[in-house]
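Numbering (this note's numbering), first residue to last: 57 to 238.
For every residue, glycine included, the Cβ atom is placed at its ideal position computed from N, Cα and C.
Quick caveat, the model's predicted, so the values are computed rather than measured.
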């Protein structure tokens, strides 16, 4: 009695069955990976996305109404992010209408978890205490306001502008704060 492996037709059929089954397993595995990746994307929060962008070091564009900021995410707080831009550091509130996109993928770099103020208010308090020169982009004043933060209240900032005017600006009206890197 001969073995089925000696029959070329049966060997071909066995090979074809193995290939089909292998292809089905590969398809199922690829489909499972795709579904797992999709589920992972659906489970992320904006904070998770920003932490990922910070760790990669990608250059991003942040759309804020009528203008776009470009830079690398270097810090993510609970309600704001910090970008490193050509103009310095920019702190952007996250509880406002905005959109993000990756402009350029980083080849290397990125930053790990770093120290920084947890909240936007705490960040403004740091800038007040440092007597840092700031530029506030607001949703209500046509131009940016430049000066120093005189005081940071519970829900607003008092800015002493370069023209000696004092502005009271609720946090919700501040889109971003630009300052020199420290």
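Taking 7 Å as the cut-off, the beta carbon of residue 212 is found closer than this to the beta carbon of residue 224.
Contact annotation: residue 127 and residue 140 have beta-carbon atoms nearer than 7 Å.
When the alpha-carbon of residue 160 is set against those of 100, 76, 117, 106, the nearest one is in 117. Residue 96 sits exposed, since fewer than 16 C-beta atoms from the chains shown fall within 10 Å of its C-beta. Rounded to whole angstroms, the separation of the alpha carbons of residue 122 and residue 198 is 11 Å. For residue 68, the enclosing alpha helix (DSSP H) covers residues 64 to 99. Of all C-beta pairs linking the stretch 129 to 139 to the stretch 166 to 177, three or more are shorter than 8 Å, placing the two stretches in contact. In this structure, the straight-line span from the alpha carbon of residue 222 to that of residue 216 is close to 5 Å.
In the structure shown, residue 104 adopts helical secondary structure according to DSSP, grouped into three states. Rounded to the nearest whole angstrom, the C-alpha separation of residue 226 and residue 82 is 56 Å. Here residue 101 is exposed. Its C-beta has fewer than 16 other C-beta atoms within 10 Å. Comparing C-alpha distances from residue 174 to each of 137, 70, 157 shows the shortest one belongs to 137.
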